[in-house]
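A.B. asks: So the sequence shown is numbered by numbering that gives the first Met the number 0: it starts at 0 and just counts up by one. Note that the Cβ used here is the ideal one computed from N, Cα and C, for glycine as well. One structure follows; several queries about it will come next.
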Amino acid sequence: MGSSPDVLIIGGGIIGCAIGYELAKAGARVTIVERGQLASGASWASAGLISPPKRTPLGDAHARLEARSFNRYPTLLAELWEATGDDVEHNPAGRLSVALTAEEEADLRALIPWQRDLGFTVEWLTGDEARRLVPALSPAIRGGAWCAAASGVRAERLTHALARAAGLRGATIREETPVTGFLTVAGRVGGAQTAEGPLHAGETVIATGAWTAALGALLDLPLPTRPVRGQMLALAGVDPPLAHAVAGAGGFLIPRADGTVIAAATVEEAGFDTRVTPGGLGWLSTLVGTLAPVYAGARVVETWAGLRPATADDRPLMGRAPGHDGLWVAAGHMRDGVLWAPVTGELLAASILNGVPDPVLAPYDPARFARQGAAANA
């Protein structure tokens, strides 16, 4: 299959392609293999939101990495445009997070100073101010937190742009190339066995989203990712048009460049089932009616579902694989793969090139699940 790359990346989604781009930019010889087509999994289905962090039990250090990734986007998008000229449909529409109850209002108001401390400009709008900004909003909206810097992209287009930019720097992209095993010598991984034959590499990265557990199983390596289904729909003919993304009632309304509005997304434990269901569409219809009842009669022009990669503790897997020199993992970003792609690309590329994981990756160490298993069996 040709000369051996420095790094083999298994997975042609946004995470794998972001890592590939950063490695190729640094001068590494990179090959990305994808079992199907680039961006055919979660990256194809994604709503593409790039939003400021929210406070979660994962802590402030996690949020600071999200902020770092958010702040990388303007430069990254400029680099990709200069290199490829590809239109990723970046939409700097801003985001309004709305409150329907007094409790939600209190939570959003409390979040604003925390987000400001992270460097984001966020302001509270009253219900009337929110409706002047987004005229379609329900009269039941009490107010909302407005961040003009939030934006969105077409995730599948961004993934292709990352891959193309990597290719222009010498990376090789192999689609329709499923991995069937790993090449190992004395506990070190030196590439992968593919349907087209062996592919040797100095370092290997698993970036296969919800399918990461299955790749780990080939090495008896616990990488417990699981799929979480998200169903979405697109509305056409909305009036008044939606100019800004809206978050609330457990979902989002997102404007697209073609004038459609995306309603996203269910959160379902449904295995690898990507079917759109009546229950899912019903939930999305309720979401639309709750946030923007004037859109209730809009025409549904598309429905789809994707599989987000989740982990048991809600933290991504990022770092060196335990017990297998030469193997790295980057997966499990759940619904934030687009937001996390830039910083994941930077951190994994730098770690691989330096031969040691960046210290900030410690909370995401894939070895944590192996340690938990060993403790349970002790």
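#1: State buried or exposed for residue 47, treating a residue as buried only when at least 16 other CB atoms are found within 10 Å of its CB.
#2: Just tell me which of 192, 211 and 280 has its CA closest to the CA of residue 233.
#3: Out of 359, 320 and 366, point me to the one whose CA is closest to residue 188's CA.
#4: Starting from the C-beta of residue 117, find all residues in its chain whose C-beta is less than 8 Å away, skip the five residues before and the five after it, and write them out in chain order.
#5: What's the C-alpha gap between residue 351 and residue 299?
#6: Leaving out five residues before and five after residue 82 in sequence, what residues of the same chain have Cβ atoms less than 7 Å from its Cβ?
#7: Assuming residue 290 and residue 248 are in contact, meaning their beta carbons sit under 8 Å apart, how far apart are those beta carbons, in whole angstroms?
#8: Where in the stretch 244-329 do unbroken runs of the beta strand (DSSP E), each at least 3 residues long, occur, reported from the N-terminal end onward?
#9: Where does residue 170 sit, in a helix, a strand or coil, going by DSSP?
#10: According to the Cβ coordinates, are residue 33 and residue 19 closer than 8 Å?
#11: Can you tell me the Cα-Cα spacing of residue 239 and residue 134, whole angstroms?
#12: Report the three-state DSSP secondary structure of residue 18 (helix, strand or coil).
#13: Smallest Cα separation from residue 368: which of 204, 219 and 5?
#14: Given this structure, state the Cα-to-Cα distance separating residue 57 from residue 365, to the nearest angstrom.
#15: May I ask you to list the residues that DSSP assigns as paired with residue 94?
#16: Is it the case that the Cβ atoms of residue 309 and residue 273 are separated by a distance below 8 Å?
#17: If we count the other Cβ atoms within 10 Å of its Cβ and call it buried at 16 or more, is residue 131 buried or exposed?
#18: Taking 8 Å as the cut-off, does the stretch 210-229 touch the stretch 261-271 (at least 3 CB pairs, one atom from each stretch)?
#19: Since residue 8 and residue 204 should fall inside the 8 Å C-beta cutoff, what is the C-beta to C-beta distance between them, to a whole number of angstroms?
#20: Just mark residue 45 as buried or exposed, buried being the case when its beta carbon has 16 or more other beta carbons within 10 Å.
#21: Does the distance from the CB of residue 263 to the CB of residue 250 come in under 8 Å?
#22: Can you check DSSP and say which residues form a bridge with residue 124?
#23: Any idea if residue 91 is buried or exposed, counting beta-carbon neighbours within 10 angstroms, 16 or more meaning buried?
#24: In the DSSP assignment, find the beta strand (DSSP E) that holds residue 204 and state where it starts and stops.
#25: Name the residue from 256, 194, 103 and 37 whose alpha carbon lies nearest to the alpha carbon of residue 139.
#26: With three or more beta-carbon pairs closer than 8 Å as the criterion, would you say the stretch 137-155 touches the stretch 110-129?
#27: For the beta strand (DSSP E) containing residue 226, list its first residue and its last residue.
#28: Considering residue 52, what are the terminal residues of the beta strand (DSSP E) in which it resides?
#29: Exposed or buried, what is residue 355 when buried is set at 16 or more other beta-carbons lying within 10 Å of its beta-carbon?
#30: I'd like the list of long-range same chain contacts for residue 2, defined as Cβ closer than 7 Å, with 5 residues on each side in sequence excluded.
#31: By the DSSP assignment, the beta strand (DSSP E) with residue 181 in it spans what residues?
#32: Buried or exposed: where does residue 108 fall if 16 or more other Cβ atoms within 10 Å of its Cβ makes it buried?
#33: Would you kindly report the start and end of the unbroken beta strand (DSSP E) that includes residue 193?
#34: Going by C-alpha distance, which of 202, 199 and 177 is nearest residue 214?
#35: What is the DSSP secondary structure of residue 364, reduced to helix, strand or coil?
#36: For my contact list, residue 200 and residue 324 are in at a C-beta cut-off of 8 Å; report their separation, rounded to the angstrom.
C.D. replies: On the basis of the supplied data:
#1: buried
#2: 280
#3: 320
#4: 51, 52, 62, 63 and 66
#5: 45 Å
#6: 164 and 167
#7: 6 Å
#8: 244-247, 250-254, 260-263, 298-310 and 316-319
#9: coil
#10: no
#11: 7 Å
#12: helix
#13: 219
#14: 16 Å
#15: 146 and 244
#16: no
#17: exposed
#18: yes
#19: 5 Å
#20: buried
#21: yes
#22: 143
#23: exposed
#24: 202-205
#25: 103
#26: yes
#27: 224-235
#28: That residue, residue 52, is in no beta strand (DSSP E); it is neither H nor E in DSSP.
#29: exposed
#30: none
#31: 178-184
#32: exposed
#33: 187-193
#34: 177
#35: coil
#36: Between residue 324 and residue 200 the Cβ distance is about 13 Å, and since that is not below 8 Å, they are no contact.
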